[in-house]
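Novice: Residue numbers (my numbering): 141 to 466. For glycine and all other residues, C-beta sits at the position ideal for the given N, C-alpha and C.
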Amino acid sequence: MDPGVQNHGVPATVSVHAISAGSLTLPERFFVHPADPEARKTVPSLSFLIQHMNPSTSKITRIVFDLGIRRQISAYSPEIQAHAQTRQPLTTAPDVISSLAKGGLKESDIDYVLISHVHWDHLGMPSDFKASKFGVGAGALDLLSGRTKLTNGSHSYFEAGILPPSRTFELPDPLQNDSESTPSYPRPEMFCEAWKPFHAFPDTMDIFSDGSCYVVSAPGHLPGHINMLCRISSHPLKYVLLAGDACHDIRILTGERDIATWSDERLPHVTCCIHASVQEAEKTIETMRKVQRDGLDGGEVEIVFAHDVDWAAKSLKEGRFWPGHL
Ligand SMILES: [Zn+2]
Numbered sequence: 141m142d143p144g145v146q147n148h149g150v151p152a153t154v155s156v157h158a159i160s161a162g163s164l165t166l167p168e169r170f171f172v173h174p175a176d177p178e179a180r181k182t183v184p185s186l187s188f189l190i191q192h193m194n195p196s197t198s199k200i201t202r203i204v205f206d207l208g209i210r211r212q213i214s215a216y217s218p219e220i221q222a223h224a225q226t227r228q229p230l231t232t233a234p235d236v237i238s239s240l241a242k243g244g245l246k247e248s249d250i251d252y253v254l255i256s257h258v259h260w261d262h263l264g265m266p267s268d269f270k271a272s273k274f275g276v277g278a279g280a281l282d283l284l285s286g287r288t289k290l291t292n293g294s295h296s297y298f299e300a301g302i303l304p305p306s307r308t309f310e311l312p313d314p315l316q317n318d319s320e321s322t323p324s325y326p327r328p329e330m331f332c333e334a335w336k337p338f339h340a341f342p343d344t345m346d347i348f349s350d351g352s353c354y355v356v357s358a359p360g361h362l363p364g365h366i367n368m369l370c371r372i373s374s375h376p377l378k379y380v381l382l383a384g385d386a387c388h389d390i391r392i393l394t395g396e397r398d399i400a401t402w403s404d405e406r407l408p409h410v411t412c413c414i415h416a417s418v419q420e421a422e423k424t425i426e427t428m429r430k431v432q433r434d435g436l437d438g439g440e441v442e443i444v445f446a447h448d449v450d451w452a453a454k455s456l457k458e459g460r461f462w463p464g465h466l
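#1: Is the segment 362-376 close to the segment 278-289, with three or more CB pairs under 8 Å?
#2: Between the C-alpha atoms of R327 and A175, what's the straight-line distance to the nearest angstrom?
#3: How far does the alpha helix (DSSP H) with V431 in it reach, from first residue to last?
#4: Can you find a heavy atom of ligand 1 that lies under 7 Å from the Cβ of H447?
#5: Anything with a beta carbon under 5 Å from a heavy atom of ligand 1 counts; list them all in chain order.
#6: Per DSSP, what kind of secondary structure is P328 in: helix, strand or coil?
#7: Taking the alpha-carbon positions, what's the T308 to E440 distance?
#8: Would you mind reading off the limits of the alpha helix (DSSP H) that contains S357?
#9: How long is the line joining the alpha carbons of K423 and K454, rounded to whole angstroms?
#10: List the endpoints of the continuous alpha helix (DSSP H) containing Q316.
#11: Hey, how far is the Cα of M428 from the Cα of P314?
#12: Less than 8 Å separating the beta-carbons of S352 and A152?
#13: Using the Cα positions of S185 and R202, report the straight-line distance between them to the nearest angstrom.
#14: Per DSSP, F461 forms a beta bridge with which residues?
#15: Could you tell me the distance, in whole angstroms, from the CA atom of I220 to the CA atom of V150?
#16: Let me know the secondary structure DSSP gives R210 once reduced to three states.
#17: Name the one or two DSSP bridge partners that C412 has.
#18: For a test of the three-state rule: what should DSSP assign to V449, helix, strand or coil?
#19: May I ask you to list the residues that DSSP assigns as paired with L254?
#20: Could you tell me whether the segment 236-256 touches the segment 267-278, where touching means 3 or more Cβ pairs closer than 8 Å?
#21: Is K454 helix, strand or coil by DSSP?
#22: Flag this pair as touching only if the segment 341-359 and the segment 442-458 have three or more C-beta atom pairs under 8 Å; answer yes or no.
#23: For H465, which residues from the same chain have a beta carbon less than 7 Å from its beta carbon, with the 5 sequence-adjacent residues on both sides left out?
#24: If you draw a straight line from the alpha carbon of I213 to that of G162, how long is it in whole angstroms?
#25: Put D346 into one of helix, strand or coil per three-state DSSP.
#26: Mapping DSSP to helix, strand and coil, what is I443?
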């Protein structure tokens, strides 16, 4: 399929392609309540390729959203390697680079790498991308540098210096005009759009200024957590929300389960949770329920979480992985 096309008043679209980027195993008790204390599920850590074509210049812009799991676990910091042991069995192949190659793309074809949030299973191997610009949500750089510290569980370890400072920009905080976060590389023009509400989403950024692709602020899971809302079809109108780790189990979205909390003997007096803010995460999920129920401009909205194993299995059968498309 041709990437985004905008002609004769037809709404512009982007093409979205699922990318295999490794898998990990999640113990149910850390994610949902009530949980089966023994249950563990091996799930993918999905990445996505988004392609947009400018109708007047035919220029194609390619974004990779998330990089999945690093192909060498030994290349993570010792703390993250220890945490990764709790997520075994874990697979690292194919990674983003070899998945992109299946459709003939190289790292040099990727203009932007946007990271939903800076947890290890979404950051992959940034050094594979030698010229792409990296974009993260507000607060993500302070997590990486260690300026912000979280104590909500052993998953909250970060690697300083993992993103190239000369090619990494941070989106502004939608709640604050003058963010005092770690200075970053100047934002590319398309990411300098103002945050604006779009239907039930309070803060979205229309990055191609044609309504085909929005960065969506999705607070709760981790500071700077962002999603991508992509219009993939104009007739019938259809959107996909790439929802990162806003939710790890579809039963939370449907209301059959609650978000889990737990205690860890290494972190006394702390209630651990997979989300940095349960209240914010609940609010973000509620917005998704509303959008899924009401649609957008009369179009359907498909919500895809980074670790949705059932979605991935079905989509693999349906050819929605690159070089196929959603
Ligand atoms: Zn994750």
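Specialist: A quick look at the data gives this:
#1: Between the segment 362-376 and the segment 278-289 there are three or more inter-stretch CB-CB distances shorter than 8 Å, so the stretches are counted as touching.
#2: Stepping through the sequence shown from its first residue, residue 327 is reached at position 187. Stepping through the sequence shown from its first residue, residue 175 is reached at position 35. Rounded to the nearest angstrom, the two C-alpha atoms are 42 Å apart.
#3: Here residue 431 refers to the residue found at position 291 of the sequence shown. Note, V431: alpha helix (DSSP H), 418-434.
#4: For the purposes of this step, residue 447 is taken as the residue at position 307 of the sequence shown. Flag set: Cβ of H447 near ligand 1.
#5: Selection around ligand 1 by beta-carbon proximity, strictly under 5 Å to any non-hydrogen atom, yields D261, D385 in chain order.
#6: Along the sequence shown, read from residue 1 onward, the residue named residue 328 stands at position 188. Correct three-state label for P328: coil.
#7: Locating residue 308 in the sequence shown gives position 168, counting from the first residue. Locating residue 440 in the sequence shown gives position 300, counting from the first residue. The straight-line gap from Cα to Cα measures roughly 33 Å.
#8: The count along the sequence shown starts at 1 and reaches residue 357 at position 217. Where S357 is concerned, there is no enclosing alpha helix (DSSP H), although the beta strand (DSSP E) around it starts and stops at 353-357.
#9: Taking the first residue of the sequence shown as position 1, residue 423 is located at position 283. Taking the first residue of the sequence shown as position 1, residue 454 is located at position 314. Cα-Cα distance, rounded: 28 Å.
#10: For the purposes of this step, residue 316 is identified with residue 176 of the sequence shown, where counting begins at 1. Counting along the chain, Q316 sits inside no alpha helix (DSSP H), nor does DSSP assign it H or E at all.
#11: Within the sequence shown, the letter at position 288 stands for residue 428. Within the sequence shown, the letter at position 174 stands for residue 314. A direct Cα-Cα distance of roughly 18 Å separates M428 from P314.
#12: To locate residue 352, count along the sequence shown from 1; it is residue 212. To locate residue 152, count along the sequence shown from 1; it is residue 12. Taking 8 Å as the Cβ cut-off, S352 and A152 qualify as a contacting pair.
#13: In the sequence shown, residue 185 corresponds to position 45, counting from 1. In the sequence shown, residue 202 corresponds to position 62, counting from 1. Cα to Cα, the separation comes out at about 20 Å.
#14: For the purposes of this step, residue 461 is taken as the residue at position 321 of the sequence shown. Bridge partners of F461: A158.
#15: What you label residue 220 is simply residue 80 of the sequence shown in a count that begins at 1. What you label residue 150 is simply residue 10 of the sequence shown in a count that begins at 1. Straight-line Cα distance between these residues: approximately 47 Å.
#16: Locating residue 210 in the sequence shown gives position 70, counting from the first residue. Coil at R210, not helix or strand.
#17: Translated into the one-based positions of the sequence shown, residue 412 becomes position 272. In the DSSP output, where bridge partners are listed per residue, C412 has W402.
#18: Counting from 1 along the sequence shown, the entry for residue 449 is found at position 309. In the displayed model, V449 falls within a helix according to three-state DSSP.
#19: As a working note, residue 254 is residue 114 in the sequence shown. DSSP output for L254 lists F205, G275 as bridge partner(s).
#20: The answer is yes - the segment 267-278 touches the segment 236-256, with three or more Cβ pairs under 8 Å.
#21: Translated into the one-based positions of the sequence shown, residue 454 becomes position 314. Three-state DSSP puts K454 in a helix.
#22: Touching, no.
#23: Counting from one through the sequence shown, the residue named residue 465 turns up at place 325. Within the same chain, H465 has close Cβ partners M141, S155, V156, H157.
#24: The residue you call residue 213 lines up with position 73 of the sequence shown. The residue you call residue 162 lines up with position 22 of the sequence shown. Rounded to whole angstroms, I213 to G162 spans 11 Å at the Cα level.
#25: In the sequence shown, the residue the question calls residue 346 occupies position 206. Strand.
#26: Against the sequence shown, residue 443 aligns to sequence position 303. Of the three classes helix, strand and coil, the one that applies to I443 here is strand, per DSSP.
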